[in-house]
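Okay, structure first, notes after.
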Amino acid sequence: MKVLRKEHIKTILVWLIYSFCIIESNSSYSQNSYFSNKKTINRLKTDIKTLSSRKMFGREAGTIGEIKARNYIVKRMIEIGIKSYGKEDFHQVFFIRDSIIKSSYNVLGFLDNQSQKTILICAHYDHLGYEINKRNRKIIYNGADDNASGVAALLELALFFKNNEYLEKNNFLFIAFSSEEKGMLGSKYFMQNPIIDTSKMNFVVNIDMIGRMEKDMPLTIEGLGSSKVLFDYFKMLDFDKFNLRLKKRINGPSDHSSFTEKFIPALHFWTGKHNDYHKFSDDPHKISYKRELKIILFLEKVLMELDLLDKVKFTK
Ligand SMILES: [Zn+2]
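Numbering-wise (this note's numbering), the sequence shown opens with residue 39 and increments by one.
Set out below in structure tokens:
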């Protein structure tokens, strides 16, 4: 038997310590992500259940339901630590005409990374309100997927970019639009009265309905016709958690269209229509929270990578 020389023993010891460290760090990493994922799911549940509870009366623009939802989103933005842009306490007020003229509010939170370019992340928070049935009871459109799911994701992304230890190359403007269901009035108003210089807008990520991804369903990304760079990026993307359905259409029926109309690259992320779409049955217990979490983690990864690119140009 060959006797181990001193330097052999030393090499083996170093190797053993190194292996132990790797195993430890991997297990604590996966434990960390297990606990942080659990916390994220709890926050998603709280946000979606609160926004789509009966107390919000279906969040119709111009009603008390909109005000309650608006106040909840502002409260969450303050908790997260992002700042109001401008002096209007997170609000951009505009007027809509129903039978009478009413106020409606976009909610804006800003993460200032001292950059000359800003990525906009948006999700509408208004929904269809309620109807009164023959027995004089309110039947409420709770709009859990449309679009409490998107607002919860927007808040989660705000938390991620606020708390990570990396200084991104872009600022982030988080906008919860209102009056989307009345014809994208909030985002149209925003683009007619942009609070930041449009030349400094990099690109837009609109999230509208990401809560109902059933098993084996794809995530649809629309608006890819607004930027060749973004289209090429997603086409080449190596990702195995779910399939992506890439669409070039730039004028789909959600807030991203208000940006593409003005030649700002804008994408729409969603999991598609379902049987409860615009019905009283779009309720929070039908949301797939685990899959929504996967979509949010995907958006975090994608945005971190897109942050490194030069300013994205609008290309048709
Ligand atoms: Zn919607």
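Beta carbons are placed, not taken as given, at the ideal position from N, Cα and C, and that holds for glycine.
Residue i, DSSP secondary structure in three states
i           : result
residue 67  : Bear in mind that a pLDDT of 47 at residue 67, under 50, signals an unreliable position, so the number given afterwards is only what the model happens to contain. Helix at residue 67.
residue 163 : coil
residue 222 : coil
residue 233 : coil
residue 101 : coil
residue 353 : coil
residue 60  : Per-residue confidence for residue 60 stands at a pLDDT of 42, beneath the threshold of 50, marking its modelled position as unreliable; the derived number appears in the next sentence. In the structure shown, residue 60 sits in a helix (DSSP, three-state: H, G or I).
residue 114 : helix
residue 347 : coil
residue 39  : With a pLDDT of 46 at residue 39, under the threshold of 50, the modelled position of that residue is not reliable, and no figure is offered here.
residue 80  : helix
residue 153 : coil
residue 240 : strand
residue 319 : coil
residue 106 : helix
residue 279 : coil
residue 87  : helix
residue 125 : coil
Pair within 8 Å by beta-carbon distance, residue i and residue j
i           : j           : result
residue 262 : residue 285 : yes
residue 316 : residue 166 : yes
residue 287 : residue 256 : no
residue 139 : residue 133 : yes
residue 318 : residue 123 : no
residue 120 : residue 212 : yes
residue 183 : residue 250 : yes
residue 162 : residue 246 : yes
residue 145 : residue 108 : yes
residue 333 : residue 259 : no
residue 325 : residue 187 : yes
residue 209 : residue 142 : no
residue 196 : residue 118 : yes
residue 192 : residue 159 : yes
residue 307 : residue 337 : yes
residue 266 : residue 353 : yes
residue 168 : residue 277 : no
residue 240 : residue 305 : no
Closest by C-alpha distance to residue i, when choosing among the options
i           : options               : result
residue 137 : 100, 131 and 243      : 100
residue 294 : 264, 233, 275 and 313 : 264
residue 87  : 129, 190, 290 and 259 : 190
residue 345 : 331, 313 and 242      : 242
residue 271 : 82, 126, 348 and 98   : 348
residue 331 : 210, 232, 194 and 208 : 194
residue 296 : 185, 229, 275 and 129 : 229
residue 218 : 291, 155 and 173      : 291
residue 232 : 76, 129, 352 and 340  : 129
residue 114 : 244, 73 and 89        : 89
residue 312 : 252, 112, 74 and 72   : 252
residue 198 : 74, 106, 268 and 244  : 74
residue 327 : 281, 81, 71 and 72    : 81
Endpoints, the alpha helix (DSSP H) within which residue i is located
i           : result
residue 304 : Residue 304 -> not in any alpha helix (DSSP H); beta strand (DSSP E) instead, spanning 304-308.
residue 298 : 294-298
residue 141 : Looking at the DSSP string, residue 141 is not in any alpha helix (DSSP H); the run it does join, the beta strand (DSSP E), is 139-149.
residue 327 : 327-344
residue 168 : Note, residue 168: premise wrong, no alpha helix (DSSP H); beta strand (DSSP E) at 168-170.
residue 272 : 266-274
Boundaries (first-last residue) of the beta strand (DSSP E) holding residue i
i           : result
residue 247 : First-last for residue 247: undefined, no H or E at that position.
residue 194 : First-last for residue 194: 187-201, but that is the alpha helix (DSSP H), not the beta strand (DSSP E).
residue 212 : 209-215
residue 92  : Here residue 92 belongs to no beta strand (DSSP E), and DSSP marks it neither H nor E.
residue 33  : With the chain represented from 39 up to 354, any question about residue 33 goes unanswered, as that position is not in the structure.
residue 130 : 129-135
residue 205 : Element bounds for residue 205: n/a, residue is neither H nor E.
residue 178 : 176-178
residue 283 : 282-284
Just to be sure I understand the criterion: a residue counts if its Cβ is closer than 5 Å to at least one heavy atom of ligand 1. Which residues meet that? In chain order, the residues with a C-beta atom nearer than 5 Å to some heavy atom of ligand 1 are 184, 185 and 246.
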